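Per the working numbering, numbering of the sequence shown is gapless, rising by one per residue and ending at 123. All C-beta atoms, glycine included, are put in the ideal place defined by N, C-alpha and C. Keep in mind the model is a prediction, meaning the values are calculated, not measured. Structure record follows, encoded as structure tokens.
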Amino acid sequence: MSKAMTLLAVVLVSGGWAQSVMAADPQYARSLAATCFTCHGTEGRSVNGVPPSLAGQNKDYMLKQMLEFRDGKRPATIMHQHAKGYTNDQLELIAGYFASLTPGRATPAPAAR
Ligand code: HEC
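Structure representation (structure tokens):
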């Protein structure tokens, strides 16, 4: 086996390859963020700001809120439970995704029109 092949095998076995591919895939960030759309609106644009719109939020602010929800430092009705399901890396991807979006008018769900 060549040196390159051995290295590849080590990376594959350790799972490092899959991790770095996921982090580099913009669809991965969006699919994580999509779980938030139900309440915070499609692409993070909520109807009348309830719960708050996430599109265009400051990344650092949002990441801090998520960590505080997860660690029980910020009281919540829902978010402390929801935030528990994510690793720090995933929360950073989610915050980065919403920060990259432009705020805008929400489109209400068909049933709410
Ligand atoms: C079941 C509905 C629901 C889902 C799903 C949900 N949220 Fe929330 N979110 C809320 C509610 C309600 C609040 C207000 C705080 C509370 O009472 O929990 C909130 C508050 C927040 C806040 C604080 C906003 C601010 O301006 O301080 C952030 C950030 C946030 N959510 C991010 C997310 C992210 C990221 C996801 C997806 C991983 C998500 N939420 C999924 C309902 C939800």
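Start and end residues, alpha helix (DSSP H) containing residue i
i	result
D99	N98 to A109
A116	First-last for A116: undefined, no H or E at that position.
Closer than 7 Å: residue i CB and nearest the ligand HEC heavy atom
i	result
Q37	no
P61	yes
T87	yes
T52	no
T45	yes
L103	no
Residue of the options minimising C-alpha distance to residue i
i	options	result
G106	T48, P85 and E53	E53
A39	A93, G95 and D99	D99
Q37	G114, T112, P113 and L103	L103
T97	M76, I88, G66 and P85	M76
T112	S63, I88 and S41	S63
Meets three-Cβ-pair contact criterion under 8 Å: the segment 41-59 and the segment 68-75: no
Whole alpha helix (DSSP H) elements within the segment 51-90, 4-residue minimum: 69-80
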